[in-house]
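>
Residue numbers (the working numbering): 26 to 170.
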């Protein structure tokens, strides 16, 4: 069996909780505490959120050069390129997993969506990134995709 990577999402997904917004110093302190506790893989942010988030990602990268860092992106070439430019190791590419979300969010059939996903995976690999696929709304997915 291959190596299993457990990736902590506190710094990205945890920040989506109502009323939670980490200051830069908090984000760095949390990343350092996770790393000191032996958690070496972290999803640290979403570059598409803007310049402040990008600066935080850059700071965590500088503070933890040996950590395995991941960013979250939509199926968007610019966002994937931003992640590569930030020096992270992995990119989590989000794809709508349920029929309802695909229908209302992207309005594309599954076959087209999977072709686009394959294109973005190839782009990420070309840029030197490893890829994780985030199945958005997975609890309502049919299990047939």
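Even for Gly, the Cβ is constructed at its ideal location relative to N, Cα and C.
Since this is a predicted model, take the numbers as computed values, not measurements.
With three or more C-beta pairs closer than 8 Å as the rule, is the region 78-94 touching the region 45-62?
Yes, since at least three Cβ pairs between the region 45-62 and the region 78-94 fall closer than 8 Å, the two stretches touch.
> How is residue 44 classed by DSSP in three states: helix, strand or coil?
In the structure shown, residue 44 sits in coil (DSSP, three-state: anything other than H, G, I, E or B).
> Suppose you measure from the CA of residue 158 to the CA of residue 128; what does that come to, to the nearest Å?
Taking the straight line from one Cα to the other gives about 19 Å.
> Which residue comes first and which comes last in the beta strand (DSSP E) that contains residue 31?
Segment: none, residue 31 is in no beta strand (DSSP E) and carries neither H nor E.
> Does the distance from the CB of residue 82 to the CB of residue 96 come in under 8 Å?
Contact: yes.
> Under 8 Å by Cβ, that's how I've got residue 145 and residue 100 pegged, so tell me the actual separation to the nearest angstrom.
Sure, about 5 Å apart at Cβ, within 8 Å.
> Between which two residues does the alpha helix (DSSP H) carrying residue 49 extend?
49-61 is the extent of the alpha helix (DSSP H) around residue 49.
> Grouping DSSP H, G and I as helix and E and B as strand, with all else coil, what is residue 36?
In the structure shown, residue 36 sits in coil (DSSP, three-state: anything other than H, G, I, E or B).
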